[in-house]
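Residues in the sequence shown are numbered from 1 upward in steps of one, following my numbering. Positions of the beta carbon are idealized from the N, C-alpha and C atoms, including for glycine. Treat the numbers as computed from the prediction; the structure is a model and nothing was measured.
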Amino acid sequence: MDDLKEGDVVVVQAFDDLPEHLFEVHEVHEDCVTGCAITGPLVGVYGEPEFELILRITYRAVTPNPIQRRQETTDVCSD
């Protein structure tokens, strides 16, 4: 799972009494990701699933167009 990034949505396998569910990645660390469940009984709950619990990536975050991003940054930072 080297290529995970912020905004990706992954499938976390069922564990304990929790069913398989979707999870939005906020940060990627060496052994886990952080973020929030977006389906299932833990919707909106923060978590830190280890890579071993991630079955697959269902959605890839789209990287913004660099020119558009530069314009948005300029708009926000200008006086």
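- Residue state for L42 is assigned as coil, using DSSP reduced to three classes.
- The shortest CA-to-CA distance from E30 to any of D8, F51, L55, G7 is the one to F51.
- H21 is a Cβ neighbour of T39, given a cutoff of 9 Å.
- The C-alpha of V10 is placed about 9 Å away from the C-alpha of L4.
- If you look at E6, you'll find it isn't in any beta strand (DSSP E); DSSP assigns it neither H nor E.
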